[in-house]
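Asks: Before I ask anything, let me first share the structure, which is written out below as structure tokens.
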Amino acid sequence: MKKIINNPSTVVDEALRGLAAAHADLLRVHTEPTYVVRADAPRPGRVAVVSGGGSGHEPLHTGFVGRGMLDAACPGAVFTSPTPDQVQAAIRAVDGGAGVVLVVKNYTGDVLNFETAAELAAAEGIEVRTVVVDDDVAVKDSTYTAGRRGVGGTVLLEKIVGAAAERGADLATCEELARRVVAGVRSFGMALTSCTVPHVGEPSFSLTEDEMELGVGIHGEPGRSRIALEPADGIVRRLLDGVVEDLPFTESDRVLLFTNGMGGTPTIELYVAHGIAERLLAERGIRVERRLVGPYITSLEMQGMSITLLRLDDELTELWDAPVHTPALRWGV
Amino acid sequence: MGCTAERLALALRAAAAVIAVHRDELVELDRAIGDADHGENMHRGFTAVVAKLVGGGFDTPGAVLKVTATTLISTVGGASGPLYGTAFLRASTALGDTSEVDGPGAAAALRGALDGVVARGKAEVGDKTMVDALAPAVEAAKAAAEAGGDVAAVLAVAAEAGERGAESTVPLVARKGRASYLGERSAGHLDPGARSTALLLRALADEAGAS
Ligand SMILES: Nc1ncnc2c1ncn2[C@@H]1O[C@H](COP(=O)(O)OP(=O)(O)O)[C@@H](O)[C@H]1O
Ligand SMILES: [Mg+2]
Numbered sequence: 005m006k007k008i009i010n011n012p013s014t015v016v017d018e019a020l021r022g023l024a025a026a027h028a029d030l031l032r033v034h035t036e037p038t039y040v041v042r043a044d045a046p047r048p049g050r051v052a053v054v055s056g057g058g059s060g061h062e063p064l065h066t067g068f069v070g071r072g073m074l075d076a077a078c079p080g081a082v083f084t085s086p087t088p089d090q091v092q093a094a095i096r097a098v099d100g101g102a103g104v105v106l107v108v109k110n111y112t113g114d115v116l117n118f119e120t121a122a123e124l125a126a127a128e129g130i131e132v133r134t135v136v137v138d139d140d141v142a143v144k145d146s147t148y149t150a151g152r153r154g155v156g157g158t159v160l161l162e163k164i165v166g167a168a169a170e171r172g173a174d175l176a177t178c179e180e181l182a183r184r185v186v187a188g189v190r191s192f193g194m195a196l197t198s199c200t201v202p203h204v205g206e207p208s209f210s211l212t213e214d215e216m217e218l219g220v221g222i223h224g225e226p227g228r229s230r231i232a233l234e235p236a237d238g239i240v241r242r243l244l245d246g247v248v249e250d251l252p253f254t255e256s257d258r259v260l261l262f263t264n265g266m267g268g269t270p271t272i273e274l275y276v277a278h279g280i281a282e283r284l285l286a287e288r289g290i291r292v293e294r295r296l297v298g299p300y301i302t303s304l305e306m307q308g309m310s311i312t313l314l315r316l317d318d319e320l321t322e323l324w325d326a327p328v329h330t331p332a333l334r335w336g337v
Numbered sequence: 002m003g004c005t006a007e008r009l010a011l012a013l014r015a016a017a018a019v020i021a022v023h024r025d026e027l028v029e030l031d032r033a034i035g036d037a038d039h040g041e042n043m044h045r046g047f048t049a050v051v052a053k054l055v056g057g058g059f060d061t062p063g064a065v066l067k068v069t070a071t072t073l074i075s076t077v078g079g080a081s082g083p084l085y086g087t088a089f090l091r092a093s094t095a096l097g098d099t100s101e102v103d104g105p106g107a108a109a110a111l112r113g114a115l116d117g118v119v120a121r122g123k124a125e126v127g128d129k130t131m132v133d134a135l136a137p138a139v140e141a142a143k144a145a146a147e148a149g150g151d152v153a154a155v156l157a158v159a160a161e162a163g164e165r166g167a168e169s170t171v172p173l174v175a176r177k178g179r180a181s182y183l184g185e186r187s188a189g190h191l192d193p194g195a196r197s198t199a200l201l202l203r204a205l206a207d208e209a210g211a212s
């Protein structure tokens, strides 16, 4: 294992120290328990948006704390959900009296830990609404699984709901928007290489030079199938077909296209992929009205990508365009 | 002879030592069908439990289990944190303020633990989770307690049944937790949570059951 770290057990804390130093104008890092919070929290009378999850997916979620997005984020150990006391403390820190939306990616650990925190916060009289994101088409949603994983759609949801909360939307409105995003967003990912979890020290899985893993998650968990490596055209077509046919997205739909890097894929390759995705969507008559390209929800140093499509309407588009100022997303300010 | 708070605290420290020894094994099991963190999560949690228990001063076995529960909930994370936390919490509730755990008490505590895991995680036997180890342990404990077994006898059969239950997860296709994403590819692997449950039961039987 070759990584720029001192010690696997201090990597999360040290990264948070760096984040705090780099973005003191936007956020504060609290320890014991650990959470990252907007510098101006709590904002009286405003709904607060809180998320969190295992570390190793940066900039998700800590890099999205700031104006127009998250009020707080709770980072767990690498690939491990945060604990209820972290989430409960974050909720208390941001509660401005108008309620709190919890954005939870659908993994058993995240769901159980946030559920416990929501119960504790509710017992203290804070109104909490939980929205679970489950946009990964690689997983069958059936009684035989824990349900679809939350992946790329989470980034888009946090931006949109954060924008609504920033404008003063009430709790019910924020919750409805979040559910609308969940209903209209789908993602599909693939990997060329594995990632190496610091405390494990070895790759989570292994792929030969001529293989790729399709339907991979963001925790180095093996994917849906392992197939022969293809050129970018083939990879993007597979991902896009999976996403489009699932919802399904149909001709004349307006969409946001999010081409995401898994951490180890260079930007030049993401733009290759993005260009192909735009062309394939144009062929289907699906109108790409907004786009996001870059590594925003990652899996440590894994080489790979995912494609996320979100069905847009006027309100969602306007909220996407609204000003945002966070470490990882910034426009309109 | 029952199990006192002091002995139970010793047993949990022994359990923590067992988890430390098996940390890498649990990581490996989770790497195959999960995300390679179960050993790390459990090790972090039980290290924190030991730190809480060293001072002693617990009046009842229930109090020992309660501090174990809250510590696990706030340190483990992942799916197993709230599940084991709830298990220890319900076991604590089942013991009430009894000062020494006897055979029926041990069986009732295990029953409470299982009910807690099922209430949170909604898994059934056969889903390839820790429930596959805990459920048969509860059944075996109940039978042993009804036959008049003391705490040592009850925990011994529970540990044995837990080990067999954990082994039974190998051929199963996971229907809960992260391993369920793999579908058929999850078959042929021992479930990490079932393995850690079996390890904990064995450690408790060896220590709490000793007298
Ligand atoms: N719904 C559930 N009910 C009972 N046990 C579960 C459930 N989901 C997962 N588990 C157990 O948790 C174990 C995984 O724990 P861990 O790796 O620590 O958490 P995570 O899956 O969040 O990474 C599994 O091996 C399984 O035994
Ligand atoms: Mg795990």
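Protein sequences, first through last, are from chains A and B. Position in the first sequence counted from 1, then plus 4, gives you my numbering. Position in the second sequence counted from 1, then plus 1, gives you my numbering. For glycine and all other residues, C-beta sits at the position ideal for the given N, C-alpha and C. Fair warning: this is a prediction, and the values are worked out from it, not measured in the lab.
Looking at the structure shown, is A:S256 part of a helix, part of a strand, or coil, going by DSSP?
Replies: coil
Asks: Please specify which runs of the alpha helix (DSSP H), each continuous and at least 4 residues long, are wholly inside the region 62-131 of chain A, giving them in chain order.
Replies: 88-98, 112-127
Asks: Going by the C-beta, is B:N42 closer than 7 Å to any heavy atom of ligand 1?
Replies: B:N42: yes, Cβ under 7 Å from ligand 1.
Asks: Counting only beta-carbon atoms, is A:L304 nearer than 8 Å to chain B?
Replies: no
Asks: So, B:G63 versus B:I74, is the Cβ gap smaller than 8 Å?
Replies: It is not a contact, given that the beta carbons lie outside the stated cut-off.
Asks: Sort out for me which residues DSSP pairs A:R230 with in a bridge.
Replies: A:E217
Asks: Short of 7 Å Cβ to Cβ, which residues in the region 72-87 of chain A face chain B?
Replies: G80, A81, F83, T84, S85, P86, T87
Asks: Given 7 Å as the limit, tell me if B:G35 has its C-beta closer than that to any heavy atom belonging to ligand 2.
Replies: yes
Asks: Between which two residues does the alpha helix (DSSP H) carrying B:I20 extend?
Replies: 6-22
Asks: Can the beta-carbon of A:T38 be found closer than 8 Å to that of B:G82?
Replies: no
Asks: Should A:I8 be labelled buried (16 or more other beta-carbon atoms within 10 Å of its own) or exposed?
Replies: exposed
Asks: Nearer than 7 Å: is that true of the beta carbon of B:R24 relative to any heavy atom of ligand 2?
Replies: Not one heavy atom of ligand 2 sits closer than 7 Å to the Cβ of B:R24.
Asks: With a threshold of 8 Å on Cβ separation, who are the neighbours of B:E140 within its own chain once the five nearest residues in sequence on each side are excluded?
Replies: If we look at B:E140 and ignore the five residues flanking it on each side, its Cβ neighbours are A162.
Asks: Would you grab the beta carbon distance between A:G3 and A:L274 for me? Rounded to a whole angstrom, and I think it's under 8 Å.
Replies: Residue 3 of chain A is absent from the structure shown; chain A starts at 5 and stops at 337.
Asks: Got a sec: which bits of the region 36-66 of chain B sit with their beta carbon under 7 Å from any beta carbon on chain A, in order along the chain?
Replies: For the region 36-66 of chain B, which is checked against every Cβ of chain A, the residues closer than 7 Å are D36, A37, D38, E41, N42.
Asks: Under 8 Å, Cβ to Cβ, is there at least one residue of chain B near A:R153?
Replies: yes
Asks: For A:N10, count neighbouring Cβ atoms within 10 angstroms of its own Cβ and tell me buried if that reaches 16, exposed if not.
Replies: exposed
Asks: Going by alpha carbons, who is nearest to A:D325 out of A:R171, A:P299, A:R242, A:S310?
Replies: A:R171
Asks: Smallest Cα separation from A:G308: which of A:L285, A:V240, A:L251, A:F253?
Replies: A:V240
Asks: Work out the CA separation of B:G106 and A:R228 for me, nearest whole Å.
Replies: 45 Å
Asks: Strictly below 7 Å CB to CB, what residues from chain D border B:L183?
Replies: In summary, chain D is missing from the structure at hand, where the protein chains are A and B.
Asks: Quick check on A:N10: does DSSP put it in helix, strand or coil?
Replies: A:N10 falls in the coil class under three-state DSSP.
Asks: Compare the C-beta of B:G79 with all C-beta atoms of chain A and state if any pair is closer than 8 Å.
Replies: When Cβ-Cβ separations below 8 Å define contact, B:G79 makes contact with chain A.
Asks: Using a Cβ cut-off of 7 Å, pull out every chain B residue sitting near A:V1, in sequence order please.
Replies: Nothing can be reported for residue 1 of chain A: it is not among the residues displayed for chain A, which extend from 5 to 337.
Asks: May I ask you to report which of helix, strand or coil DSSP gives A:T35?
Replies: coil
Asks: For the beta strand (DSSP E) that A:V189 lies in, which residues bound it at each end?
Replies: Start and end: 189-195.
Asks: Considering Cα atoms alone, identify which of A:G129, A:G101, A:V136 is closest to A:G56.
Replies: Considering only A:G129, A:G101, A:V136, the residue with the shortest C-alpha distance to A:G56 is A:V136.
Asks: Rounding to the nearest angstrom, what Cα-Cα distance links A:G2 and A:M73 in this structure?
Replies: Nothing can be reported for residue 2 of chain A, as the shown portion of chain A is limited to 5 through 337.
Asks: Heavy atom of ligand 1 less than 7 Å from the Cβ of B:V79, yes or no?
Replies: Sequence check: residue 79 of chain B is Gly here, not Val. Yes, the beta carbon of B:G79 sits closer than 7 Å to at least one heavy atom of ligand 1.
Asks: Strictly under 8 Å for the Cβ-Cβ distance: is B:T69 near chain A by that measure?
Replies: At a cut-off of 8 Å between beta-carbon atoms, B:T69 makes no contact with chain A.
Asks: Tell me, to the nearest whole angstrom, how far the beta carbon of A:G129 is from that of A:G49; I am working on the premise that it is less than 8 Å.
Replies: Not really, about 16 Å apart at Cβ, beyond 8 Å.
Asks: Between which two residues does the beta strand (DSSP E) holding A:G57 run?
Replies: Boundaries of the beta strand (DSSP E) harbouring A:G57: 52-59, taken from the DSSP string.
Asks: Assign B:T71 to one of three DSSP states: helix, strand, or coil.
Replies: helix
Asks: Can you tell which of B:G117, B:R176, B:A209 has its C-alpha closest to the C-alpha of B:A157?
Replies: B:A209
Asks: Within 7 Å: the Cβ of B:R179 and any heavy atom of ligand 2?
Replies: yes
Asks: Find the residues of chain A that neighbour B:L84, judging by a C-beta separation of less than 8 Å, and give them in chain order.
Replies: L116
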